[in-house]
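Report on one structure; see the data block that follows.
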Amino acid sequence: QPIIQFKNVNKWYGNDFHVLRDINLDVAKGERIVICGPSGSGKSTLIRCVNRLEEHQEGQIIVDGTELTDDIKAIDRVRREVGMVFQQFNLFPHLTVLENLTLSPMWVGKVPKKEAEEKAMQQLERVRIAEQAKKYPLQLSGGQQQRVAIARALCLKPKIMLFDEPTSALDPEMIKEVLDVMIELAGQGITMLCVTHEMGFAKAVADRVIFMDQGQIVEQNTPEEFFNNP
Ligand code: ADP
Ligand code: ADP
1 QPIIQFKNVN KWYGNDFHVL RDINLDVAKG ERIVICGPSG SGKSTLIRCV NRLEEHQEGQ
61 IIVDGTELTD DIKAIDRVRR EVGMVFQQFN LFPHLTVLEN LTLSPMWVGK VPKKEAEEKA
121 MQQLERVRIA EQAKKYPLQL SGGQQQRVAI ARALCLKPKI MLFDEPTSAL DPEMIKEVLD
181 VMIELAGQGI TMLCVTHEMG FAKAVADRVI FMDQGQIVEQ NTPEEFFNNP
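Each step along the sequence shown adds one to the number in this note's numbering, with nothing skipped, and position 81 is 81.
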């Protein structure tokens, strides 16, 4: 049973912009997929549909056995299993690194503060940024901020991690420290969908590379096949 299934999914922006065209995609548990393709081809939209940041209009998206519909409970259930990392780190500048994790709406009022802090520190250690816990995001480098964002996404112990161009906003010297953390995660059995132009990362960890163009999946292959057939 795939952990993510897209069945004949179509999505439009407005009435006439057909952004996802008949997407069929099964993602196996633990699979690591890299999605590439030209700007505007629908990569970001595709992964944003997995946690319902975007709605599809036709077809079915089933995440860990739950079909995504308007049902708020189903959406909540799925969102607890799906962590997401964005190009812009989306950290709250007026909260410390630790507070950015512990004040997650998923935790506040549900998990005691001390427990939330312990769990948050574990995730900060996992991305090797624990010593910066008391700092504010803007006191950190871009690479460090992105690692905080990854730690925040990991706090809910997601089964699936979505990455939307996580290194595109970083200076070249910061990219490696973020990719290294992603490579470590890839070795830990978590299902990953990554939109990225980092083909070195794709070669190192992807089980499958998907190429999108104009809203369609036009090719999917193992990295070996993909890079040997230009
Ligand atoms: P990619 O991630 O491959 O660059 P996106 O999924 O971000 O592509 O966007 C695909 C297309 O949909 C682009 O042409 C973009 O401008 C358009 N688009 C994205 N979001 C919206 C939106 N909220 N409303 C209208 N058009 C959008
Ligand atoms: P990315 O390339 O990282 O997907 P974009 O610059 O395409 O980011 O989009 C940033 C935000 O603006 C997204 O939330 C996207 O949905 C929205 N957006 C993109 N294109 C359009 C558009 N043509 N109309 C309205 N919103 C858009």
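For each residue, glycine too, the CB sits at the ideal point set by N, CA and C. Quick caveat: nothing in here was measured; it's all calculated off a predicted structure.
- Rounded to the nearest whole angstrom, the C-alpha separation of D180 and M84 is 17 Å.
- Secondary structure at Q1: coil, using DSSP grouped into helix, strand and coil.
- The nearest non-hydrogen atom of ligand 1 is less than 7 Å from the C-beta of S39.
- Take G42, set aside five residues on each side of it, and the residues of its chain with a beta-carbon closer than 7 Å to its own are V19, L20, M212 and G215, in chain order.
- Within the same chain, Cβ atoms closer than 7 Å to the Cβ of V178 are found at G143, Q146, R147, P166, T167 and L170, the five residues on either side in sequence being excluded.
- Among the bridge pairs identified by DSSP, F17 is matched with Y13.
- For G83, the enclosing beta strand (DSSP E) covers residues V82 to V85.
- Per the coordinates, the alpha-carbon of V97 lies some 13 Å from the alpha-carbon of E118.
- Per DSSP, the beta-bridge partners of N221 are V209.
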